[in-house]
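Note sheet for the following structure.
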Amino acid sequence: MELIKTLTEEHKIIGEIFDAIDNASDQENRKILIQKLLTVAGDHFKKEDEQLYPVLLKSPDEEVRSMADIFSLTMGGYAKEFGVIAEEIMATDSVLSAELVIRYEKIRDRIKDRVVIEEVTIFPAFENLSE
């Protein structure tokens, strides 16, 4: 399915951008990468919200509907939390505080874990509905 292929490719790009952020040598490069991630992730979330989750929420399978509802709601929270952290990073011209680094790492890890879970559970459920 074309949507799942696109979302999977975007997951890879999102992971690569996170890795680049983690390896950025200075704050200016980090800011450029954060902005790129916000753009890529925003487009990705829009696809999920408009094309993936609405289909799953109409599934005849109660478990699939419930899973889609939970995933949709939690990802919205992750997106908001990442947005707040990204704003703080973008507003910082010096070295990031230890507290901000920890918050960034936690949301990064939650998003990366979520990518894996989507690819293992949500995407196959969508493909099964589309067959």
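No gaps in the numbering here: position 97 of the sequence shown is 80 in my numbering, and each next residue is one more. Each residue gets a CB set at the ideal place from its N, CA and C atoms; glycine is no exception.
- Got a sec? Which residues, its chain only, sit under 8 Å from Thr75 by beta carbon, not counting five neighbours each side? Looking up residue 75 in the sequence shown gives position 92. The answer, listed in chain order, is Gln10 and Leu83.
Pairwise C-alpha distance: Ile90 and Glu64: On the sequence shown, residue 64 is found 81 positions in, with the first residue counted as 1. On the sequence shown, residue 90 is found 107 positions in, with the first residue counted as 1. About 7 Å.
Quick check on the DSSP output: the alpha helix (DSSP H) that includes Ala3 runs from which residue to which? Against the sequence shown, residue 3 aligns to sequence position 20. It spans Glu(-15) to Asp5 - the alpha helix (DSSP H) in which Ala3 sits, taken as one unbroken run.
Could you tell me which of Glu(-8), Ala7, Gly25 and Ser49 sits nearest to Thr104, measuring between CA atoms?
-> Taking the sequence shown and counting its residues from 1, one reaches residue 104 at position 121. Of Glu(-8), Ala7, Gly25 and Ser49, the residue nearest in Cα terms is Ser49.
Drop a sphere of 10 angstroms on the beta-carbon of Val99, count the other beta-carbons inside from all chains shown, and report buried for 16 or more, exposed for fewer. Numbered from 1 along the sequence shown, position 116 holds the residue referred to as residue 99. Its Cβ having fewer than 16 others within 10 Å, Val99 is exposed.
*Where Ala69 sits in the DSSP three-state scheme*: Along the sequence shown, read from residue 1 onward, the residue named residue 69 stands at position 86. Note: Ala69 maps to helix in three-state DSSP.
* Asked: Taking one C-beta from the stretch 3 to 17 and one from the stretch 31 to 39 each time, how about it: are there three or more such pairs within less than 8 Å?
  -> no
Would a C-beta distance cut-off of 8 Å place Ile68 and Arg86 closer than the cut-off?
As a first step, residue 68 must be located in the sequence shown, where it is residue number 85. As a first step, residue 86 must be located in the sequence shown, where it is residue number 103. Closer than 8 Å, so yes.
Q: State the Cα-Cα distance for the pair Leu21 and Gly66, rounded to the nearest angstrom.
A: The residue given as residue 21 occupies position 38 in the sequence shown. The residue given as residue 66 occupies position 83 in the sequence shown. Each residue's alpha carbon lies about 8 Å from the other.
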